[in-house]
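Asks:
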Amino acid sequence: MKRSILLLFLLLVLMACQKSIPEFDKNRAFSFLEEQCNLGPRYPGSDEIELCRNYITSSLSKFGFTIEEQKFEVMIDEKEVEGVNIIAHFNPRMSRRILLGAHYDTRPWADKEEDETLHNTPIIGANDAGSGVAVLLEIASIISKKEPKQFGIDFVFFDLEDMGSYGNNESWCLGSTYFAENYSKAKPEKAVIIDMIGDADLSINLDYYSYHNSPNLVNEVWNIAEELGFSVFKSRIQNIIYDDHYPLIKAGFNAILIIDFEYPYWHTLEDTQDKCSPESLYYVGQTVLNLIYKEE
Ligand SMILES: [Zn+2]
20 MKRSILLLFL LLVLMACQKS IPEFDKNRAF SFLEEQCNLG PRYPGSDEIE
70 LCRNYITSSL SKFGFTIEEQ KFEVMIDEKE VEGVNIIAHF NPRMSRRILL
120 GAHYDTRPWA DKEEDETLHN TPIIGANDAG SGVAVLLEIA SIISKKEPKQ
170 FGIDFVFFDL EDMGSYGNNE SWCLGSTYFA ENYSKAKPEK AVIIDMIGDA
220 DLSINLDYYS YHNSPNLVNE VWNIAEELGF SVFKSRIQNI IYDDHYPLIK
270 AGFNAILIID FEYPYWHTLE DTQDKCSPES LYYVGQTVLN LIYKEE
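If you want it as structure tokens, here you go:
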């Protein structure tokens, strides 16, 4: 009898010592994606992007974050466009930091539609950009309840990623370019940008710039995914993608991009929530959570 009580006690101690990495709530994350879609197309200059900004900032304030709005102006087609990056710091005094980023603007033109008459119609952008924002908001909600012990976290919601012209790299990612060029603090240890990871048929290949610049961080993240049994992460370099990680890399950040660029509804009116799934958000969200909490 005594021995079994002792064994039970040891078992309990062992369980308490085990790492407890919080579970990513895929359904709540998916509701963050749906809520953005319900606002309508959220392109720069629209009333809806303003609503989306309010949605992001009010969600973050609910989770207890203080928010900084980084405003900037750019010229697009000889017109002045105002952009706003939304930045929130968790545990700002911690020296070891992870930056998590995603863009929140949607493309004003469905210019990958076959029917040219639809090219000037704005897209809903469930996957591009709703999915990245949804994952970041769920992670923000989780860390507000369970403070990471090793890292402070910086969330950046970039504006004006998606108003570029094909073949002209510098016309894309204007929010992250402004952010990176005006960054004066010590750089975070790791920066992870996520975009277009909501596809129900998810397959995440390696991006060349990420692997070339930050091979250790790529390996760390992809190994975590492998340990979790997430076979949607593939170790094939398939794409060279100019996304919000690129301006960060150029400014000296240890930055990588997690993206599934094989999305048939990219920049079409069919980039809607029925093409996305909670599971896809989970694979990426849980991997990033493990990156944040794995050293505890
Ligand atoms: Zn896009």
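For the sequence shown, my numbering begins at 20 and goes up steadily by one.
Note that the Cβ used here is the ideal one computed from N, Cα and C, for glycine as well.
Please report the straight-line C-alpha distance between L310 and A270, rounded to a whole angstrom.
Replies: As a position in the sequence shown, residue 310 is number 291, starting the count at 1. As a position in the sequence shown, residue 270 is number 251, starting the count at 1. Straight-line Cα distance between these residues: approximately 23 angstroms.
Asks: Which same chain residues, not among the five before or five after Q257, have their C-beta less than 6 angstroms away from its C-beta?
Replies: Counting from one through the sequence shown, the residue named residue 257 turns up at place 238. N224, listed in sequence order.
Asks: In chain order, which continuous runs of the beta strand (DSSP E) of length 3 or greater are located wholly inside the region 155 to 241?
Replies: List check, beta strand (DSSP E) in window: 171 to 177, 209 to 214, 223 to 226.
Asks: Pick helix, strand or coil for G248, following the three-state DSSP scheme.
Replies: Along the sequence shown, one-based indexing puts residue 248 at 229. If DSSP states are grouped into helix, strand and coil, G248 belongs with coil.
Asks: For Y302, collect the residues of the same chain with a Cβ closer than 6 angstroms to its Cβ; drop the 5 residues on either side in sequence, then sort them by chain order.
Replies: By 1-based counting over the sequence shown, the position of residue 302 is 283. Cβ within range, chain order: F249, V251.
Asks: Buried or exposed: where does G217 fall if 16 or more other Cβ atoms within 10 Å of its Cβ makes it buried?
Replies: In the sequence shown, residue 217 corresponds to position 198, counting from 1. Classification of G217: buried, given that the 10 Å Cβ count is 16 or more.
Asks: Hey, would you say E46 sits closer than 8 angstroms to P297, going by beta carbons?
Replies: As a first step, residue 46 must be located in the sequence shown, where it is residue number 27. As a first step, residue 297 must be located in the sequence shown, where it is residue number 278. Rather than Glu, the amino acid found at residue 46 in this sequence is Asn. Contact: yes.
Asks: Straight-line CA distance for A244 to K98?
Replies: Taking the sequence shown and counting its residues from 1, one reaches residue 244 at position 225. Taking the sequence shown and counting its residues from 1, one reaches residue 98 at position 79. Near 43 angstroms, if we compare the C-alpha coordinates of K98 and A244.
Asks: Any heavy atom of ligand 1 closer than 7 angstroms to the Cβ of D181?
Replies: Residue mapping note: residue 181 aligns to position 162 of the sequence shown, counting from 1. Yes, the beta carbon of D181 sits closer than 7 angstroms to at least one heavy atom of ligand 1.
Asks: When the Cα of P320 is compared with those of L288, S195, L267, W241, which residue comes out closest?
Replies: Limits of the chain in this structure are 20 at one end and 315 at the other, which puts residue 320 out of reach.
Asks: Can you tell me which of the three DSSP states L288 falls into?
Replies: Sequence index remark: in the sequence shown, residue 288 carries index 269 (1-based). Coil at L288, not helix or strand.
Asks: With distances taken between CB atoms, is the gap from H122 to D181 smaller than 8 angstroms?
Replies: The residue you call residue 122 lines up with position 103 of the sequence shown. The residue you call residue 181 lines up with position 162 of the sequence shown. Contact flag set, yes.
Asks: Report yes if the C-beta distance between F84 and G171 is below 8 angstroms; otherwise report no.
Replies: To locate residue 84, count along the sequence shown from 1; it is residue 65. To locate residue 171, count along the sequence shown from 1; it is residue 152. Taking 8 angstroms as the Cβ cut-off, F84 and G171 do not qualify as a contacting pair.
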